[in-house]
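Just below is one structure, and these are the notes that go with it.
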Amino acid sequence: ASGASLLIANDCGTTAHEAIAFANERKVDVVVCDHHMPEASLPAAHALVNPRRSDDSYPFPDMAAVGVAFKVLQGLVGRHYGAEEQKYLFGQLDLVTLGTVADVVPLVDENRVFVHFGMRVLRVRRRPAFQALVEQARLSERFLEASHLAFSLVPRINAAGRLGSPETALGLLLEDELDAARQLAGRLEEDNTARKGLNERVQSDAFQWLADSPPGDGDAIVLGSADWHPGVLGIAASRLAAHYRVPVFLVSLTGEIARGSARTPGPVSLLRLLEGAAAHLAGFGGHRQAAGFSLEPARFPEFQRALLEACRCTLEVPEAPTLELDGALDPSCCNAELARWIERMGPFGEGNPEPIFSGRGLCRSPRVLRDRHLRMEVISEGRRVECIGFGLAEFAPEIPAGGGSFRLAFTPTLNRYRGQERVQLKLREIDYV
């Protein structure tokens, strides 16, 4: 804006040397609140708040950018304002929770505190945006958990930005009237449906290409297409990385500058791999396991060759994925009291996964839901328990309608719907005994 003397950059700016130098030349002070990995040198900002700085003594480096912004505001309010302003600030913890869950940061230490108290604020405050989104997702505000934000609300909020402009999502979060919020949430629902279709196109193309030429040990996946929407590449890359257990780089070869997203399932740093092909890029940045980059479309073949070579020189043969179990548990012992005790260990998410148990039982009556999910029941010690397996529809044909003995990996949960609750086992793996 004309005449501005202060620019606050949130969730960006740690590596923005040129942009900040440009602002400095025009007598605009820049304050950066960020959590991305810094380079060896920092830009000349008026202030750069980032817990990942090598010279930063803050004890917790894994906050999302929304957490960094909240801590800056907490410091300002604590120093310059009173109790009323502090109360107002803590009333925004529902938004801090939303951003923390959306950024998939580890739910430990301070992030865990944000989400624990933020979920309380969310349930009590009843912000119109969340009421409208919960209605669209057919959830219950009373029993809303962090996992519902991650898998139901966040994708809807992100859909607008992935397809173009995030203004609809911003307008929803700022809306004070419930009827207006419902209209905006309806538009986000339409965007999310469109996003799913675009994402399915990318995944279908990629899986089809890779069926003929799957990645080998110590390899990576580097694919590009002019038919792919850049806003859904990160979602598709995550799915491919989880399936093939290798780093994945997807590029939308549209426009004068192509945009790409990268994801990796392992400990290798994507930023380190991208550095090996930096000569062919217009820019890149992000985190160790999630990164973005840009390049001229004509340079994609060179980038692909350079990146694959960098991966072959860096990557080790990936270990077969294993499911870590927390103990053995007979399904017949899973009751509401146990499920509530497990809930108290939450909020669950990255860095604090739900406990997983192993057990055996007679599985029967399989049903496929929405072409992807499996519902069935398990009988153990004469007791019948409902099971749900998200993304496990492929196992349905293996389960006899009349029943068969299987070994299960599961988490006891409570399924709440229309004021009713019942015990439900969330399945992770199924195998014949």
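Heads up, the sequence shown is in the numbering used here, so the first residue is 1080 and it goes up one at a time. Beta carbons: idealized from backbone N, C-alpha and C, even for Gly. Computed from a prediction, not measured in an experiment: that's the story for all the values here.
Measure the alpha-carbon distance for Ala-1415 versus Gly-1461 and round it to whole angstroms. 17 Å
To the nearest angstrom, report how far apart Glu-1500 and Thr-1272 are at their CA atoms. 29 Å
Give a yes or no on whether 7 Å exceeds the smallest Cβ distance from Val-1147 to chain B. In summary, chain B is missing from the structure at hand, where a single protein chain is found.
Asp-1060 classed as buried or exposed, judged by whether at least 16 other C-beta atoms fall within 10 angstroms: There is no way to answer for residue 1060, as the model of the chain reaches only from 1080 to 1512.
Apart from the five residues on each side of it in sequence, which residues of its chain come closer than 7 Å, Cβ to Cβ, to Asp-1255? Pro-1207
Along the chain, which unbroken stretches of the alpha helix (DSSP H) at least 4 residues long are found entirely within the region 1088-1152? 1096-1104
Between the region 1278-1288 and the region 1298-1316, can you find at least three pairs of beta-carbon atoms closer than 8 Å? yes
Closest Cα partner of Leu-1360 within the set Thr-1343, Pro-1344, Gly-1345 and Glu-1335: Glu-1335
Endpoints, the alpha helix (DSSP H) within which Gly-1250 is located: 1246-1253
Would the region 1242-1250 count as touching the region 1291-1298 if we require 3 or more Cβ pairs under 8 Å? no
Going by C-alpha to C-alpha distance, which of Thr-1093, Ser-1348, Gly-1440 and Leu-1289 sits closest to Cys-1390? Ser-1348
Return the bridge partner residues of Pro-1036 from the DSSP annotation. Since the displayed the chain opens at 1080 and closes at 1512, residue 1036 lies outside it and no answer follows.
Check whether the Cβ atoms of Glu-1465 and Gln-1503 sit closer than 7 Å, and answer yes or no. yes
Is DSSP giving Val-1325 helix, strand or coil here? coil
If you follow the alpha helix (DSSP H) that Gln-1262 is part of, which residue opens it and which one closes it? 1257-1291
For Tyr-1167, count neighbouring Cβ atoms within 10 angstroms of its own Cβ and tell me buried if that reaches 16, exposed if not. exposed
Does the region 1229-1238 come within contact of the region 1191-1202, defined as at least 3 CB pairs closer than 8 Å? no
Take the Cβ of Cys-1392 as the centre, count every other Cβ of all protein chains shown within 10 Å, and call the residue buried at 16 or more, exposed below. exposed
Would you call the region 1339-1353 and the region 1089-1101 touching, i.e. three or more CB-CB distances under 8 Å? no
Distance CB(Leu-1332)-CB(Pro-1376) smaller than 7 Å: yes
Element boundaries [alpha helix (DSSP H), containing Asn-1494]: Per DSSP, Asn-1494 belongs to no alpha helix (DSSP H); it is in the beta strand (DSSP E), 1483-1496.
Could you give the DSSP three-state label for Phe-1363: helix, strand or coil? strand
So, helix, strand or coil for Asp-1450, using DSSP? coil
Per DSSP, which one or two residues make a beta bridge with Phe-1436? Gly-1406 and Phe-1489
Contact defined as beta carbons within less than 8 Å: I believe Ser-1459 pairs with Gly-1440. What is the distance between those atoms, to the nearest angstrom? 4 Å
Would you say Ile-1435 and Asp-1405 are within 7 Å of each other, going by their C-beta atoms? yes
What are the start and end residues of the alpha helix (DSSP H) that includes Gly-1178? 1172-1181
My understanding is that Leu-1277 touches His-1308, with C-beta atoms under 8 Å, so please give their C-beta distance in whole angstroms. 4 Å
DSSP three-state label for Asn-1414, please. coil
Going by Cα to Cα distance, which pick from Asp-1113, Asp-1108, Gly-1082 and Ser-1081 is closest to Asn-1089? Asp-1113
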